[in-house]
Amino acid sequence: MSHSHRPAGHILILGGTTEAKLLAQQLTVHVPGCRLTMSLAGRTRSPLRQPIPTRTGGFGGVEGLARWLIEHQVSLLIIATHPFAAQMPVNAVAAARQAGIPSLRLLRPAWLPEPGADWHRCDSLSQAVQRLGEAPQRVFLPIGRQSAASFAAAPQHTYLVRSIEPLDDDMALPHIHSLLARGPFSLHEEETLMTRWCITRMVCKNSGGHSMAAKLQAAHTLDIPVIMVERPRLPINVSTFESVTSLIRALPHFLAR
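Residues in the sequence shown are numbered consecutively from 41, following this note's numbering.
The structure is reproduced here in structure tokens:
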């Protein structure tokens, strides 16, 4: 795919995370003359308001995204999608390469278990379901509505699903309870919740962050085993930053290309 030279001046952020919103806020300060666009996948029914112009929906694969980058004269692509978004980062790196522009990834660090924490690591939600075992458990699922459907394969357990949006009406689980809430949550709130619901297992996705999530601290305090679903390992080679600050610091190098 051919393209003409374009001046540095338009940054596209593939967002959907807290870090993406924070990055957008910081970019308005650090590159005030630069055009900024946030792209959201559209999977969340009520997305948070963003501080910069936003587009929603897919691009049509690698070719579609590369075409969008060229047509809108994007000079830098920043991938700030959720750590569990597996396909979009791969497509984004390939599209940026086709369009002849640099790409960066903003990816918060994964959580690591505290000493003595009872973590059982697995690579997928289906493995997490198997790790629950046959004996009925009371399972806390702070993993969102889209991931909860995987647990229909183990209907013997009682589930408490916490999400920011309601569960689908056709969720095929006889013992499922929905809790609509948006974090962050305090350690006291998490301990109270797990105690009130007599939770015996927690399934968590390693979304990560710069501090240990209160839900993991609470599980440790209450001796609740955690089944931790690790992030997908992606076949991409891209400059990656763990914080908004470190990415902003490196920005002049990439905008000068």
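We put the CB at the ideal spot given by N, CA and C, even for glycine.
Considering only the alpha carbon of each residue, which of the options lies closest to residue i?
i    : options                   : result
L219 : W237, V69, R171 and R148  : W237
T96  : L63, S115, A125 and L54   : L54
V179 : R89, Q65 and L233         : L233
N277 : P72, T121, R145 and T68   : R145
R257 : T198, Q127 and E154       : Per the sequence shown, the amino acid found at residue 257 is Gln instead of Arg. Comparing Cα positions, the closest option is E154.
G156 : P206, G223 and T261       : T261
T240 : V69, R289, S166 and Y199  : Y199
D158 : A81, A259 and L52         : A259
F191 : S166, G82, P182 and H293  : S166
G173 : V243, V284 and H250       : V243
I141 : G49, I183 and R289        : G49
L181 : L147, I110, A221 and S143 : A221
To the nearest angstrom, how far is the alpha carbon of residue i from that of residue j?
i    : j    : result
R46  : L105 : Unreliable placement is indicated for R46, whose pLDDT of 41 sits below 50; the coordinate value is still reported in the next sentence. C-alpha separation (whole angstroms): 17 Å.
A193 : A150 : 27 Å
E282 : G100 : 28 Å
D208 : P195 : 16 Å
L52  : I118 : 6 Å
T57  : L80  : 9 Å
V269 : S187 : 11 Å
H122 : P214 : 30 Å
A212 : E230 : 26 Å
L295 : L116 : 7 Å
Pull up the CB-CB distance for residue i and residue j, whole angstroms please, since I reckon it's below 8 Å.
i    : j    : result
T77  : P93  : 5 Å
A168 : I267 : 5 Å
R271 : F124 : 6 Å
L63  : A120 : 6 Å
K245 : F225 : Not a contact, Cβ separation roughly 16 Å.
Looking at the unbroken beta strand (DSSP E) that takes in residue i, where does it start and where does it end?
i    : result
W108 : Segment G101 to E111 is the alpha helix (DSSP H) holding W108; no beta strand (DSSP E) there.
H70  : Note, H70: premise wrong, no beta strand (DSSP E); alpha helix (DSSP H) at T58 to H70.
V201 : T198 to S203
R185 : That residue, R185, is in no beta strand (DSSP E); its alpha helix (DSSP H) goes R185 to A188.
F180 : R178 to L181
R89  : Where R89 is concerned, there is no enclosing beta strand (DSSP E), given that its DSSP letter is neither H nor E.
Between which two residues does the alpha helix (DSSP H) carrying residue i extend?
i    : result
M234 : L227 to R236
Threshold first: 3 residues or longer. Then list the beta strand (DSSP E) segments lying entirely within the stretch 211 to 285, N to C. 216 to 220, 241 to 245, 266 to 269 and 279 to 281
Length-filtered (3 minimum) beta strand (DSSP E) runs lying within the stretch 103 to 165: Those beta strand (DSSP E) runs which fall completely within the stretch 103 to 165 and span 3+ residues are 116 to 119, 143 to 146 and 159 to 162.
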